[in-house]
């Protein structure tokens, strides 16, 4: 793009309308990525309760070794920028490109929206529940649809505290006008986080701009401890008169990612408008004796486990290519992914000899 030199230039340069991050404080910060690229999370697996036997051995039940599942979290987003501000150009433009101001503008207009868009997209595509519906959100049904999501979290025993309801601006329009919402909640509350516009069903409501919102999603319910968005590097630098440049060199780097914890994935629920974004259909698992197979679907890749773990998050998940022989009592769990679609839920089938 050109650089315009002017005899007179208003120092109050017009900046784009931007907002600070809407994901700040949304997720857990329990895990530390200092010094590592990948963190492995182990989750202990409890065993079912037994009837106590008052005679014989093993009166508490047959002892079983406690097992665990592992989820790997690997950082993938390593972004950077470099901007030069020539001293002569800046002088001819009445000094409007002050380095500090320009750096802050770059962070607000580029860095923050990009990270928000990525994190929200990851949450939507790795949520424990992805509920697709061809019925558009309206003033009449928005409260019922959100309530359906909270029921899913309640049934999964997700704590009611630390839940957030994230909505697109278009869906918020209906939520704000809904008689049930206005009659039950007071929107004139003091905002606690950026983007918060009120509360609904004890959840803080956060309105997200279209440019940062996942395509096809209507709303998301997010329990704070169901995921994390670690930022390992968030550096900005101003180099004054570096070699080869009369002026300033502005540089920045962000190294981050976002993850949903498999064991707490049911704390994230996304409602999807299937008129604008498809949700991949559930895999069809068939059993022929001990042989488990998945029915092929055009463009869909299937991933499965046979150790009882959720294939969407498990380190033991494998891509399906041919039938798998199961042992008696063993369960195949599988889900499907297709480019441009939200992933499917999980299907399962158990073989009993």
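In this note's numbering, the protein residues as written are 157 to 509. Heads up, the beta-carbon is just placed ideally off N, CA and C, and yes, glycines get one too.
By the criterion of at least three beta-carbon pairs nearer than 8 angstroms, the region 325 to 336 is not in contact with the region 388 to 400. Taking the Cβ atoms as the reference, residue 178 lies roughly 6 angstroms from residue 272, within the contact range of under 8 angstroms. Each residue's CA atom was taken as its position, placing residue 399 and residue 239 some 15 angstroms apart.
Around the C-beta of residue 421, 16 or more other C-beta atoms lie within 10 Å, and the residue is accordingly described as buried. Residue 354 and residue 288 have their C-alpha atoms roughly 26 angstroms apart. Counting along the chain, the unbroken alpha helix (DSSP H) around residue 262 starts and ends at 255 to 262.
Linking residue 460 to residue 491 through their CA atoms gives a straight-line distance of about 7 angstroms. DSSP, read as helix, strand or coil, puts residue 274 in helix. In the DSSP assignment, residue 319 falls within the unbroken beta strand (DSSP E) covering 319 to 324. In this structure, DSSP gives residue 382 a helical state, which the three-state scheme calls helix. Remark: C-beta atoms of residue 385 and residue 412 approach each other more closely than 8 angstroms. Here residue 229 is actually not in contact with residue 378; their C-beta atoms are around 17 angstroms apart, not less than 8 angstroms. If you draw a straight line from the Cα of residue 291 to the Cα of residue 277, it is about 22 angstroms long.
Looking at 367, 363, 214, the one whose alpha-carbon comes closest to that of residue 325 is 363. Under the three-state reduction of DSSP, residue 422 is assigned to helix.
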